[in-house]
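Quick note on this note's numbering: the sequence shown kicks off at 2 and runs consecutively.
Cβ atoms here follow ideal geometry from the backbone N, Cα and C, with glycine treated the same way.
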Amino acid sequence: MTLEESLRQASARLQAVSDSPRLDAEVLLAHVLGVERTYLYTWPERPLPAAAAQRFRGLIERRATGVPVAYLTGRQEFWSLPLEVTPATLIPRPETELLVEQALARLPAGGSRTVLDLGTGSGAIALAIASERPMVRVCAVDISPEALQVAARNSKRLGLAIELLESDWYAALAGRRFDLIVANPPYIGPEEPEASQGGCRFEPRSALVAADAGLAALRHIAQHAPAHLEPGGWLLVEHGYRQGPACRALFAAAGLTAVETLPDLQGHDRLTLGRYQP
Ligand SMILES: C[S@@+](CC[C@H](N)C(=O)[O-])C[C@H]1O[C@@H](n2cnc3c(N)ncnc32)[C@H](O)[C@@H]1O
Numbered sequence: 002m003t004l005e006e007s008l009r010q011a012s013a014r015l016q017a018v019s020d021s022p023r024l025d026a027e028v029l030l031a032h033v034l035g036v037e038r039t040y041l042y043t044w045p046e047r048p049l050p051a052a053a054a055q056r057f058r059g060l061i062e063r064r065a066t067g068v069p070v071a072y073l074t075g076r077q078e079f080w081s082l083p084l085e086v087t088p089a090t091l092i093p094r095p096e097t098e099l100l101v102e103q104a105l106a107r108l109p110a111g112g113s114r115t116v117l118d119l120g121t122g123s124g125a126i127a128l129a130i131a132s133e134r135p136m137v138r139v140c141a142v143d144i145s146p147e148a149l150q151v152a153a154r155n156s157k158r159l160g161l162a163i164e165l166l167e168s169d170w171y172a173a174l175a176g177r178r179f180d181l182i183v184a185n186p187p188y189i190g191p192e193e194p195e196a197s198q199g200g201c202r203f204e205p206r207s208a209l210v211a212a213d214a215g216l217a218a219l220r221h222i223a224q225h226a227p228a229h230l231e232p233g234g235w236l237l238v239e240h241g242y243r244q245g246p247a248c249r250a251l252f253a254a255a256g257l258t259a260v261e262t263l264p265d266l267q268g269h270d271r272l273t274l275g276r277y278q279p
C-alpha cells in the first residue's frame, strides 16, 4: 500500500473515536517513519514498507481504543517546546499557556527572580518559563516520582536547568519563599464525569481529580501560599471554568490581594491570580 492509501484506511478506522482522524493518522505515520508530516504530502505514492505498516497498524488499533496520540508518540508540544510525555504525566493542554503568559508578564526580562511550579508533571510550565527567562531560578515539585523523571529528562534534553523536588505541594519547601508561584493542580471533582471520559481515561487520576468538588488542592495551595511568597509575590492557578468565584474566595481567605480571574481564549474562567502584600 502507498502512504496515502495507508492514511486513508487509518483515517476511516479512527472516524468513530477521534475528532481529527486524518491528523491523528498523519502524526502516527510520520512518527513510525521518523519523518515530518510534510513528507507524507510530498511522497504520497511511496510504498509503506511492511515493518512500518505493521507498526502503524498497531498504533492505529491502540488509538482506536481511545489512547491519546501523545501517549502513542511519547511527545506533546507546549509553548513550542517538544516535551516527552508518558502515562505518568498529564498531557499539557494549550489553555495552560495562559498561565505561562501571565507568569511571564510578572517576571521582568533579565531580572533574577524565583519561581515555584506546583505539580509540574512533564515540567511543561516550569520549562516554558525557564525557556523565556534564563535568569529566573525555577523550582518545580510533584508528588509523583515517575512524573519527575519525565520532567528531568525534558529539562536535560532541552538544556533548560530547573530544580526538581518530590514534594506533597509545599511539604519539602519549609522556609523557602518565591517571587511567583504557579500551579495547574488537579481540579475535577470526584463525582464529575470528565476524568473518566475521552483521553482523560488514560491520564493519571491523581493529576486530574481532587476532593471537595475539585477544590481541595486549590484550597491547600492558596491557604499556604503566604508562607512561601516573598512580599509583593504572586500566586497564579489554573482551574475549572466554574471555579472562578470559589478560587477568588479561597485567595481572599488566604489574605491575598489584587485577586482577579482571567478567561481563556474560549472566554471561560480559567486562571485566578492574587498578590501577597503583608
Ligand atoms: C493537572 S496536572 C498538571 C501537570 C503540569 N503542570 C501541566 O500543566 O501539564 C497536576 C499535577 O499535580 C501533581 N500532584 C497531584 N497531587 C499532588 C500533591 N499532593 N503534591 C504535588 N503534586 C501533586 C500530579 O502528579 C500532576 O503532575
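* Asked: Is the closest heavy atom of ligand 1 to the C-beta of Gly122 under 8 Å?
  -> True, at least one ligand heavy atom lies under 8 Å from that Cβ.
* Asked: Which residues bound the beta strand (DSSP E) around Gly275?
  -> For Gly275, the enclosing beta strand (DSSP E) begins and ends at 270–276.
* One or two residues paired with Leu119 in a DSSP bridge -> Val142, Ala184.
* Asked: Exposed or buried, which one is Thr90 when buried takes at least 16 other CB atoms within 10 Å?
  -> Counting Cβ neighbours within 10 Å, Thr90 comes out buried, since at least 16 surround it.
* To do: Taking only heavy atoms of ligand 1 into account, decide whether any of them is closer than 8 Å to the Cβ of Ala218.
  => Yes - ligand 1 has a heavy atom lying nearer than 8 Å to the Cβ of Ala218.
* Could you have a look at Gln150 and say whether DSSP puts it in helix, strand or coil? => DSSP places Gln150 within a helical segment (H, G or I) once states are collapsed to three.
* To do: For Glu147, I'd like the list of residues in its chain whose CB is within less than 6 Å of its CB, leaving aside the five on either flank, ordered along the chain.
  => Non-local beta-carbon contacts of Glu147 in its own chain, meaning distances under 6 Å to residues more than five positions away in sequence, involve Ala89 in chain order.
* So which of Gly233, Tyr188, Lys157, Leu230 has the shortest CA-CA distance to Asp213? -> Measuring from the Cα of Asp213, the nearest candidate turns out to be Tyr188.
* **Exposure label - Thr273; buried when at least 16 CB within 10 Å** => It is buried - the Cβ of Thr273 has at least 16 other Cβ atoms within 10 Å.
* To do: To the nearest angstrom, report how far apart Leu99 and Met2 are at their CA atoms.
  => Their backbone Cα atoms lie some 43 Å apart in a straight line.
* Neighbourhood of Leu165 by C-beta distance below 6 Å, restricted to the same chain and skipping five residues each side -> So the qualifying residues of the chain are Ala141, Leu149, Ala152, Ala153.
* Helix, strand or coil: how does DSSP classify Leu77 here? -> Looking at the sequence itself, residue 77 is Gln, so the reference to Leu does not match. Note: Gln77 maps to strand in three-state DSSP.
* Check whether the Cβ of Val142 lies closer than 8 Å to any heavy atom of ligand 1, and answer yes or no. => Checking the Cβ of Val142 against ligand 1 gives yes.
* Pair within 9 Å by beta-carbon distance, Phe179 and Glu133 -> Cβ distance not < 9 Å, so Phe179 and Glu133 don't count as in contact.
* With a threshold of 16 other CB atoms inside 10 Å of the CB of Gly120, please say whether the residue is buried or exposed. => Buried: at least 16 other Cβ atoms inside 10 Å.
* Asked: Beta carbon of Ile126: closer than 8 Å to some heavy atom of ligand 1?
  -> Checking the 8 Å criterion, the Cβ of Ile126 is within range of a heavy atom belonging to ligand 1.
* **Check whether Leu84 and Arg94 have beta carbons under 9 Å apart** => Taking 9 Å as the Cβ cut-off, Leu84 and Arg94 do not qualify as a contacting pair.
* Asked: So, is Tyr72 buried or exposed, given that buried needs 16 or more other C-beta atoms within 10 angstroms?
  -> Buried: at least 16 other Cβ atoms inside 10 Å.
* **Minimum length 3: unbroken beta strand (DSSP E) runs contained in the stretch 200–242** => 230–239, all fully within the stretch 200–242.
* Asked: Starting from Glu167 and walking both ways along the beta strand (DSSP E), at which residues does that stretch end?
  -> Taken as a continuous stretch (DSSP letters only), the beta strand (DSSP E) holding Glu167 covers 164–167.
* Asked: Taking 8 Å as the cut-off, is the CB of Arg94 close to at least one heavy atom of ligand 1?
  -> At least one heavy atom of ligand 1 is found less than 8 Å from the C-beta of Arg94.
* To do: Check each candidate in Val86, Ile222, Gly122, Glu62 and name the one with the smallest Cα separation from Leu174.
  => When only C-alpha atoms are compared, the closest one is Ile222.
* Asked: Which runs of the beta strand (DSSP E), 3 residues or longer, sit entirely within the stretch 4–64?
  -> The qualifying runs do not exist here; there are none.
* Asked: What residues match up with Glu261 in a beta bridge as DSSP calls it?
  -> Partner(s): Leu274.
* **His269 classed as buried or exposed, judged by whether at least 16 other C-beta atoms fall within 10 angstroms** => Its Cβ having fewer than 16 others within 10 Å, His269 is exposed.
* Extent of the continuous beta strand (DSSP E) to which Glu195 belongs -> From DSSP, Glu195 is part of no beta strand (DSSP E); its letter is neither H nor E.
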